[in-house]
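Student:
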Amino acid sequence: MATETNNEVKRRSFLKAGAGVAIAGAIGATLAPLRNMKSGTLDGFFQQHYTRLSKDDIQGIITRLEGEIGRDYGAKVTIKDPKPKSGVRFAYALNLSRCNGSRRCVTACVQENNQSRDPAIQYIKVLEMPSGTFDLEQSDHYYDDEQVPKEGKYYLPVQCQQCENPPCTKVCPVEATWKEPDGVTVIDYNWCIGCRYCMAACPYEARRFNFSKPEIPKEDINPDMGYLSNRIRPVGVVEKCHFCLHRTREGKNPACLEVCPTGARVFGDLNDPESEIRYIIKNKRTYVLKEEAGTVPAFFYYFDV
Amino acid sequence: MVKDYVLFLGRACKLSFTGGGPFYAWMIFLTILCGIGGNAYMTQFVSGLTTTGMTDQVSWGAYIANFTFLVGVAAAAVMLVIPAYVYRNKEMHDVVLFGELLAIAAIVMCLIFVTVDLGRPDRFWHMIPVIGKFNFPVSMLAWDVIVLNGYLLLNLHICGYLLFCKYMDRKPTWLFYIPLVFLAIVWAVSIHTVTAFLYVGLVGRPFWNAAIIAPRFLCSAFVAGPAILILAFQIIRRVSTYEIPDKALHLLRNIVTTALLINLFLFACEVFKEYYSGALHSASMTYLLQGLEHHGHTYNALVPWIWTALVLEVVAMIILITPLGKKLGYLDAACLFCIVGVWIEKGMGLIIPGFIPTPLGNIVEYLPTTNELLICMGAWAFGILIYSWMLRLAIPIMSGQFSHEKGIALSMSSASEGEMK
Numbered sequence: 001m002a003t004e005t006n007n008e009v010k011r012r013s014f015l016k017a018g019a020g021v022a023i024a025g026a027i028g029a030t031l032a033p034l035r036n037m038k039s040g041t042l043d044g045f046f047q048q049h050y051t052r053l054s055k056d057d058i059q060g061i062i063t064r065l066e067g068e069i070g071r072d073y074g075a076k077v078t079i080k081d082p083k084p085k086s087g088v089r090f091a092y093a094l095n096l097s098r099c100n101g102s103r104r105c106v107t108a109c110v111q112e113n114n115q116s117r118d119p120a121i122q123y124i125k126v127l128e129m130p131s132g133t134f135d136l137e138q139s140d141h142y143y144d145d146e147q148v149p150k151e152g153k154y155y156l157p158v159q160c161q162q163c164e165n166p167p168c169t170k171v172c173p174v175e176a177t178w179k180e181p182d183g184v185t186v187i188d189y190n191w192c193i194g195c196r197y198c199m200a201a202c203p204y205e206a207r208r209f210n211f212s213k214p215e216i217p218k219e220d221i222n223p224d225m226g227y228l229s230n231r232i233r234p235v236g237v238v239e240k241c242h243f244c245l246h247r248t249r250e251g252k253n254p255a256c257l258e259v260c261p262t263g264a265r266v267f268g269d270l271n272d273p274e275s276e277i278r279y280i281i282k283n284k285r286t287y288v289l290k291e292e293a294g295t296v297p298a299f300f301y302y303f304d305v
Numbered sequence: 001m002v003k004d005y006v007l008f009l010g011r012a013c014k015l016s017f018t019g020g021g022p023f024y025a026w027m028i029f030l031t032i033l034c035g036i037g038g039n040a041y042m043t044q045f046v047s048g049l050t051t052t053g054m055t056d057q058v059s060w061g062a063y064i065a066n067f068t069f070l071v072g073v074a075a076a077a078v079m080l081v082i083p084a085y086v087y088r089n090k091e092m093h094d095v096v097l098f099g100e101l102l103a104i105a106a107i108v109m110c111l112i113f114v115t116v117d118l119g120r121p122d123r124f125w126h127m128i129p130v131i132g133k134f135n136f137p138v139s140m141l142a143w144d145v146i147v148l149n150g151y152l153l154l155n156l157h158i159c160g161y162l163l164f165c166k167y168m169d170r171k172p173t174w175l176f177y178i179p180l181v182f183l184a185i186v187w188a189v190s191i192h193t194v195t196a197f198l199y200v201g202l203v204g205r206p207f208w209n210a211a212i213i214a215p216r217f218l219c220s221a222f223v224a225g226p227a228i229l230i231l232a233f234q235i236i237r238r239v240s241t242y243e244i245p246d247k248a249l250h251l252l253r254n255i256v257t258t259a260l261l262i263n264l265f266l267f268a269c270e271v272f273k274e275y276y277s278g279a280l281h282s283a284s285m286t287y288l289l290q291g292l293e294h295h296g297h298t299y300n301a302l303v304p305w306i307w308t309a310l311v312l313e314v315v316a317m318i319i320l321i322t323p324l325g326k327k328l329g330y331l332d333a334a335c336l337f338c339i340v341g342v343w344i345e346k347g348m349g350l351i352i353p354g355f356i357p358t359p360l361g362n363i364v365e366y367l368p369t370t371n372e373l374l375i376c377m378g379a380w381a382f383g384i385l386i387y388s389w390m391l392r393l394a395i396p397i398m399s400g401q402f403s404h405e406k407g408i409a410l411s412m413s414s415a416s417e418g419e420m421k
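Line order of the protein sequences matches chains A and B. Letter 276 of the first sequence, counting from 1, is numbered 276 in my numbering, and no numbers are missing. Letter 349 of the second sequence, counting from 1, is numbered 349 in my numbering, and no numbers are missing.
Structure (structure tokens):
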């Protein structure tokens with residue numbers, strides 16, 4: 001009798017041990033992919049929203065980020081945090097009669113703004129449109145840019161329209177994206193949670209998501225970076241055109257404008273009465289994309305022939 | 001009181017792991033599915049959402065589709081609560097708790113689905129007011145966070161309180177639950193309305209930017225939710241001794257029937273508006289129902305799915321409006337058709353066409369990856385697991401086999417209780 005009980009106890013404890021091993025094994029197997037995880041820093045985890053950071057905080061964060069980029073990408077970079085100039089209101093105009101669909105702006109933007117090369121992220125989409133329609137559903141996003149301009153087509157570059165009334169900032173559940181006083185809608189890449197609601201909200205398809213960690217060859221990295229603009233983005237966050245604010249806030253033109261071979265692009269300060277952009281808005285018959293959406297873009301298109 | 005509660009928790013823990021072979025098999029099976037899903041999620045967590053089929057063009061997919069469907073399931077608990085508490089229907093009163101428990105499981109699944117959809121789940125705390133930055137009341141997603149979590153808390157309280165009172169064999173105090181039950185009725189409508197507004201509020205997506213979406217959401221929810229409950233009740237009847245009156249099933253059947261008729265009507269209204277006016281914005285609906293021709297390619301990945309859904313819903317309608325529906329076997333089939341039909345129609349059938357064509361007229365189709373589907377499976381398995389577990393505790397309490405006085409007084413015959421599909 002006593003041995004029987006003993007055996008019973010042994011059997012039970014054996015079963016229990018077996019179950020324990022099985023459970024531990026199952027948990028281990030479930031978590032196995034975490035072995036490939038690169039852990040972030042605690043400072044990064046607890047970092048506060050951009051608008052709550054002091055100058056010193058930002059300086060500390062910038063130093064940390066520069067170090068991380070150096071470590072991950074092998075490039076020595078400088079991150080600045082240029083602030084909007086008071087009284088300035090940026091706007092863009094694009095002459096569709098001139099644009100020849102070469103997509104130079106697309107490549108220049110990718111280089112300037114350190115977009116991921118793999119997977120390829122581009123802020124500017126150039127649409128090949130049949131003459132005689134504004135119907136975007138007839139556009140071709142994948143035309144061959146070796147053979148441009150094509151007879152019977154015109155070319156429509158689209159990037160973030162920097163709306164006066166942006167649907168994207170409205171929907172963001174954590175205020176990770178907002179409109180700056182100079183009219184540029186920016187994203188705090190260290191605050192975005194990656195829900196992609198802004199992408200669903202944008203009527204211009206201007207936002208891109210980092211589905212994986214951006215890959216950029218070391219020699220292709222643009223080392224002059226802005227905190228709210230072209231620094232290399234983390235995985236899992238949204239990004240988009242920011243009117244090259246690290247350049248334009250320092251008086252330069254956006255990269256897409258500088259490279260444009262036909263001079264179709266004009267950038268400037270709406271509040272400056274002498275600016276070219278003011279001249280165009282006053283004298284050309286400009287229009288905006290999807291005016292009916294009520295977004296009030298700061299991006300104007302016109303034909304001048 | 002506190003001592004009693006601690007004792008209750010201890011016993012509940014013990015009861016959770018007590019059961020017959022089928023119960024263990026079922027729970028281990030679900031746990032394994034959860035583990036597989038968890039493993040898939042870890043892969044996604046390490047590599048990013050590149051492991052999914054989503055793209056910049058179709059930026060929401062199977063996760064958000066399942067989320068939308070499940071919010072409806074959670075909201076549908078009111079279809080038991082209203083008859084039970086407003087009309088004081090006796091049969092419903094006996095089963096209303098199972099509906100509220102289903103709402104809890106559904107909300108938990110919803111929260112899992114939105115979490116796995118995040119690119120940066122490590123930053124979830126950014127949504128917590130004060131320490132994070134919560135864009136309330138401007139963002140509809142902020143509203144959704146509030147209503148979903150609020151609904152979860154309400155139902156946890158109502159179910160927990162009533163079950164504990166029953167366990168203690170005490171009459172529940174009116175003030176501690178009745179006002180909350182009525183609040184939960186309004187709240188249930190709000191969770192699905194707010195979820196609909198997530199989509200409706202987007203000016204750049206004409207397929208969603210329609211006032212009919214919220215009513216359609218509620219109708220389809222009142223089809224799928226009660227249908228799931230009918231099937232759940234049928235299973236509870238088979239695996240436990242708990243009595244669920246036929247009358248309760250037939251009342252639910254009436255609800256499913258009415259809601260299904262309205263749902264099909266509203267769908268027809270939308271189809272008419274899109275097709276008859278033939279306006280530019282009908283492309284998404286055309287993509288869904290017929291597929292689109294674009295630069296020489298045909299895009300029609302959703303066409304077989306939506307027609308399957310419509311056929312299932314129409315067959316279910318025929319069963320339900322004829323005397324066939326009164327036979328429980330046919331009723332079960334009709335419920336299954338309703339669940340699958342609505343899952344397709346308001347899951348992928350509602351989310352994906354919103355992105356096709358894109359606002360700039362591009363067409364990129366979406367196909368979930370295996371990893372993505374495994375995560376979905378894991379989330380569902382987890383929801384079913386916790387529903388089974390809650391029933392494992394609730395059924396013996398409701399039938400008086402698990403109480404303060406008696407402890408766990410289960411007969412051997414009911415050892416496999418709590419098994420659930």
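Just so you know, even glycine gets a beta-carbon here, dropped at the ideal spot from N, CA and C. Model, not experiment: these values are computed from the prediction.
Round the Cβ separation of residue 161 (chain A) and residue 297 (chain A) to the nearest angstrom and send it over; I've been treating them as touching at under 8 Å.
Tutor: Distance from residue 161 (chain A) to residue 297 (chain A) at the Cβ level is roughly 3 Å; contact confirmed, criterion being Cβ atoms closer than 8 Å.
Student: Name, please, each residue of chain B whose Cβ falls closer than 7 Å to the Cβ of residue 36 (chain A).
Tutor: 46
Student: Given a threshold of 16 other Cβ atoms within 10 Å of its Cβ, counted over all protein chains shown, does residue 100 (chain B) qualify as buried or as exposed?
Tutor: buried
Student: For residue 418 (chain B), which residues of its own chain have a beta-carbon under 7 Å away from its beta-carbon, when the five flanking residues on both sides are left out?
Tutor: Bear in mind that a pLDDT of 42 at residue 418 (chain B), under 50, signals an unreliable position, so the number given afterwards is only what the model happens to contain. Within its own chain, the residues whose Cβ lies closer than 7 Å to the Cβ of residue 418 (chain B), once the five positions on either side in sequence are excluded, are 19, 23, 388, 391, 392 and 395, listed in chain order.
Student: Kindly list the residues whose CB is nearer than 7 Å to the CB of residue 92 (chain B), restricted to its own chain and excluding five residues on each side of it in sequence; keep chain order.
Tutor: 80, 83, 84, 248 and 251.
Student: Helix, strand or coil: how does DSSP classify residue 304 (chain A) here?
Tutor: The answer is coil: DSSP assigns residue 304 (chain A) none of H, G, I, E or B.
Student: Using a cut-off of 9 Å between C-beta atoms, extract the partners of residue 346 (chain B) located in chain A.
Tutor: The contacting residues do not exist; residue 346 (chain B) stays about 16 Å from chain A at best.
Student: Which residues does DSSP list as the beta-bridge partners of residue 91 (chain A)?
Tutor: A:268
Student: Give a yes or no on whether 8 Å exceeds the smallest Cβ distance from residue 59 (chain B) to chain A.
Tutor: yes
Student: Any beta carbon from chain B within less than 8 Å of residue 1 (chain A)'s own beta carbon?
Tutor: A caution first: residue 1 (chain A) carries a pLDDT of 47, below 50, which makes its placement in the model unreliable, though a value can still be read off. No, residue 1 (chain A) lies away from the interface with chain B (no Cβ there is under 8 Å from its Cβ).
Student: Quick check: the Cα distance between residue 103 (chain B) and residue 156 (chain B), rounded to an integer number of angstroms?
Tutor: 9 Å
Student: For residue 407 (chain B), does the three-state DSSP call read helix, strand or coil?
Tutor: strand
Student: Please work out which residues of its chain come closer than 8 Å, Cβ to Cβ, to residue 78 (chain A), disregarding the five sequence neighbours upstream and downstream, and give them in chain order.
Tutor: Same-chain partners within the cutoff: 66, 223, 224 and 225.
Student: Give the secondary structure of residue 26 (chain B) by DSSP, where H, G and I count as helix, E and B as strand, and everything else as coil.
Tutor: helix
Student: Using DSSP with H/G/I as helix, E/B as strand and the rest coil, what is residue 389 (chain B)?
Tutor: helix
Student: Work out the CA separation of residue 107 (chain A) and residue 145 (chain A) for me, nearest whole Å.
Tutor: 12 Å
Student: If you reduce the DSSP assignment to three classes, tell me which class residue 178 (chain A) lands in.
Tutor: strand
Student: Using a C-beta cutoff of 8 Å, does residue 140 (chain A) count as contacting chain B?
Tutor: yes
Student: Using the Cβ count rule (16 or more neighbours within 10 Å means buried), how would you classify residue 133 (chain A)?
Tutor: Classification of residue 133 (chain A): exposed, given that the 10 Å Cβ count is below 16.
Student: Once DSSP output is grouped into helix, strand and coil, what is the label at residue 235 (chain B)?
Tutor: DSSP places residue 235 (chain B) in the helix class (H, G or I) of the three-state scheme.
Student: Going along the chain, which residues of its own chain have a beta-carbon closer than 7 Å to the beta-carbon of residue 316 (chain B), five neighbours each way excluded?
Tutor: Closer than 7 Å at Cβ, skipping near neighbours: 260, 334, 337, 338 and 341.
Student: Taking 8 Å as the CB-CB limit, is residue 132 (chain B) close to chain A?
Tutor: Taking a beta-carbon distance threshold of 8 Å, residue 132 (chain B) counts as an interface residue toward chain A.
Student: Excluding the 5 residues flanking residue 10 (chain A) on each side, which residues of the same chain have their C-beta closer than 8 Å to its C-beta?
Tutor: When the five nearest sequence neighbours on each side are left out, no beta carbon in the same chain lies closer than 8 Å to the beta carbon of residue 10 (chain A).
Student: From residue 251 (chain A) to residue 303 (chain A), what does the alpha carbon distance come to, in whole angstroms?
Tutor: Straight-line spacing of the CA atoms in residue 251 (chain A) and residue 303 (chain A) works out to 27 Å.
Student: Based on DSSP bridge pairs, tell me the residues matched to residue 402 (chain B).
Tutor: B:408
Student: Three-state secondary structure (DSSP) at residue 326 (chain B)?
Tutor: Of the three classes helix, strand and coil, the one that applies to residue 326 (chain B) here is helix, per DSSP.
Student: Please report how far the alpha carbon of residue 291 (chain A) lies from the alpha carbon of residue 127 (chain A), in whole angstroms.
Tutor: 18 Å
Student: Is the shortest distance between the beta-carbon of residue 86 (chain A) and the beta-carbons of chain B less than 8 Å?
Tutor: Contacts with chain B at 8 Å (Cβ-Cβ) do not include residue 86 (chain A).
Student: For the stretch 42-55 of chain A, which residues have a CB atom closer than 7 Å to at least one CB atom of chain B, in sequence order?
Tutor: Correct list: 45 and 49.
Student: Got a sec: is the Cβ-Cβ distance from residue 171 (chain A) to anything in chain B below 8 Å?
Tutor: Chain B contact via Cβ: present.
Student: Following a CB-centred definition, is residue 282 (chain B) positioned closer than 7 Å to any heavy atom of the ligand FAD?
Tutor: For the ligand FAD, the structure offers nothing, since it holds no ligand at all.
Student: For chain A, check one thing: does any of its Cβ atoms lie closer than 8 Å to the Cβ of residue 361 (chain B)?
Tutor: yes
Student: DSSP on residue 5 (chain B), reduced to helix/strand/coil?
Tutor: helix
Student: DSSP three-state call for residue 187 (chain A): helix, strand or coil?
Tutor: strand
Student: To the nearest whole angstrom, what separates the beta carbons of residue 260 (chain A) and residue 104 (chain A), a pair I think is in contact under 8 Å?
Tutor: Confirmed, Cβ separation roughly 6 Å.
Student: Can you give the Cα-Cα distance for residue 284 (chain B) and residue 190 (chain A), rounded to whole angstroms?
Tutor: Taking the straight line joining both Cα atoms gives about 35 Å.
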